[in-house]
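Residue numbers (UniProt numbering): 1 to 388.
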């Protein structure tokens, strides 16, 4: 009989080997210790974040991990989690292991988690109550944009070097600097090991220097994909990117930012050749505590993008909420007015997370008459460094 439980410290190497084998077989060679060092180089104590299916002979047949996270937005600290390392041995597929393990996680997290995230196939995870969400801009900056915008020498103040020079004291200083910049974002995930986080999925962390002073950092994937960029002064954001392109003789950069970073978006739009607005990969979310998530994310949206005043009362998957916005201040209570809108989980999350929900058929059309048009979707976002 298969046993379903949390992994034990002595099974840590088996957890890594199973994930490597399953993902390497299904996709391309994987080495999770290199791909996600903040988890898989952290040691056997991280076995506790893995639920496993164990055969009678003691071998692992499947596993699903949930990485606990703290997500800060709108002055609130949300209890979050990121689902990853979903692995079922090829010989154990079709036996219901994924359904059981993820179901056990969801049951366990009720009451202790506000929001669960993952990156996965839409229909596969919709079964477990996950809904696609989060948007980003991706700007395309090429060498011609740079050449025609800045004259020779105008970008010479900017220089670049590895953020972490593999020197103990210098690395600690760089980590403190990057942690400070991360926590100045409108929305951020608390990073305990910044250096390891900024190596996730092959990220390369580059320090930005201006006139000999460190002013920010870039995180790149694939050489020319900027997945994160932070500077002390926003006026340096675009020139620093242009200088990086020029110094490294690149043809182009693809720069991704969350939609609520409106200042960065405006500055990029004045220089870049083009941009797209799109979903963040295959990001999906399951909300446990609707009132807390709405209050945090809508407050952050009000602070960064601006939203209209109004009141909306609803019962979302059995949870009563009343949202009021007055003079840009968001208040959310755990009660519902008589005649409040009633939505199940699928409808509620579609309304809160999808940019096209008002055009679709899942949410009754009459409900939209009660909600200011600029409230939703909620601007959820997860940087590559915080994915799992």
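Every residue, glycine too, gets a C-beta built ideally from N, C-alpha and C.
These figures come from a predicted structure and were not determined experimentally.
Give the range of the alpha helix (DSSP H) segment to which residue i is assigned.
| i | result |
| --- | --- |
| residue 341 | Here residue 341 belongs to no alpha helix (DSSP H); instead the beta strand (DSSP E) covers 341-343. |
| residue 235 | That residue, residue 235, is in no alpha helix (DSSP H); it is neither H nor E in DSSP. |
| residue 24 | 12-26 |
| residue 143 | 143-149 |
| residue 33 | 32-35 |
Under 7 Å, do residue i and residue j count as touching if we go by C-beta distance?
| i | j | result |
| --- | --- | --- |
| residue 47 | residue 382 | no |
| residue 224 | residue 198 | no |
| residue 155 | residue 65 | no |
| residue 195 | residue 164 | yes |
| residue 288 | residue 15 | no |
| residue 343 | residue 378 | no |
| residue 350 | residue 357 | yes |
| residue 74 | residue 299 | yes |
| residue 286 | residue 130 | yes |
| residue 322 | residue 303 | no |
| residue 115 | residue 77 | no |
| residue 88 | residue 245 | no |
| residue 128 | residue 109 | no |
| residue 62 | residue 26 | no |
| residue 200 | residue 384 | yes |
| residue 38 | residue 193 | yes |
DSSP three-state call for residue i: helix, strand or coil?
| i | result |
| --- | --- |
| residue 252 | strand |
| residue 71 | strand |
| residue 154 | coil |
| residue 351 | helix |
| residue 264 | helix |
| residue 85 | strand |
| residue 329 | strand |
| residue 319 | strand |
| residue 305 | coil |
| residue 201 | helix |
| residue 242 | helix |
| residue 188 | strand |
| residue 41 | coil |
| residue 229 | strand |
| residue 9 | helix |
| residue 362 | coil |
| residue 177 | helix |
| residue 109 | helix |
| residue 122 | helix |
| residue 274 | strand |
| residue 97 | helix |
| residue 298 | helix |
Give the range of the beta strand (DSSP E) segment to which residue i is assigned.
| i | result |
| --- | --- |
| residue 259 | Neither: residue 259 is in no beta strand (DSSP E) and is coded neither H nor E. |
| residue 313 | 310-316 |
| residue 204 | 204-210 |
| residue 285 | 283-287 |
Quick check on residue i - is its C-beta less than 7 Å from some C-beta in chain D?
| i | result |
| --- | --- |
| residue 117 | Given the protein chain composition of this structure (a single chain), no chain D is represented. |
Quick check: the stretch 2-15 against the stretch 38-55, are at least 3 beta-carbon pairs closer than 8 Å? Output reads yes: the stretch 2-15 touches the stretch 38-55.
Is there contact between the stretch 130-146 and the stretch 93-108, where contact requires at least three CB pairs shorter than 8 Å? Note that the stretch 130-146 does not touch the stretch 93-108; fewer than 3 beta-carbon pairs, one per stretch, sit closer than 8 Å.
With three or more C-beta pairs closer than 8 Å as the rule, is the stretch 327-347 touching the stretch 295-315? Yes: at least three Cβ pairs fall under 8 Å.
Determine contact between the stretch 272-291 and the stretch 138-145, defined as no fewer than three beta-carbon pairs at a distance below 8 Å. With a cut-off of 8 Å, the stretch 138-145 and the stretch 272-291 count as touching, because enough Cβ pairs lie within range.
Contact between the stretch 367-374 and the stretch 300-315 is defined here as three or more beta-carbon pairs at a separation below 8 Å; is this criterion met? Two segments are said to touch when three or more pairs of C-beta atoms, one from each, lie closer than 8 Å; by this definition the stretch 367-374 touches the stretch 300-315.
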